[in-house]
Structures are given as structure tokens and as C-alpha cells.
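The structure appears below as C-alpha cells.
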Amino acid sequence: MGHTYTDEGDRSYGQNLGIEKLAARMKSVVVDISMIRRPFDDPSVVTEARARERELRVVA
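Those letters in the sequence shown? Residues 0 to 59, per numbering that gives the first Met the number 0, in order.
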């Protein structure tokens, strides 16, 4: 039982990409997650935490 490529993407892209190449490419991506916040955090808690990291004081 044979398999045929179903669309242009199958025929043209992704050929000759071994798992090692894909893994190396994925490991090379740098992602800075430091600015990601929890969706339900109190905004003042986040602001105060950022201020402490930078040795600042929030005055309101």
C-alpha cells in the first residue's frame, strides 16, 4: 500500500529535514518570558514586584 503526497506543501516543503536538524533549530530559539504575567494577578502586586527588582519605590 503506497502513500501519495496530498498537496503542494507535502510535495515541496519539509523534505530532507531530519529530527536532528529540527531539534537543533528548536534549541536555537531564544525566548524571553520575563515579561509574561499571570492573567489574574493583581496589577499592583506586579508593579511593586517590578519596582523591587529595579530597586525602586512605588509612590501613589
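The C-beta atom is built at its ideal place from N, Cα and C for all residues, glycine as well.
Rounded distance between the beta-carbons of residue j and residue i, thought under 8 Å
i, j, result
"Val-48", "Val-57", "Sequence check: residue 48 is Ala here, not Val. Actually they are not in contact, since the Cβ atoms of Ala-48 and Val-57 sit about 10 Å apart, beyond 8 Å."
"Arg-36", "Val-45", "6 Å"
Spatial distance of residue i from residue j (CA atoms)
i, j, result
"Thr-3", "Glu-19", "25 Å"
"Arg-24", "Ser-33", "22 Å"
"Glu-52", "Ser-27", "28 Å"
"Leu-55", "Phe-39", "24 Å"
"Pro-42", "Leu-16", "45 Å"
"Leu-21", "Glu-7", "21 Å"
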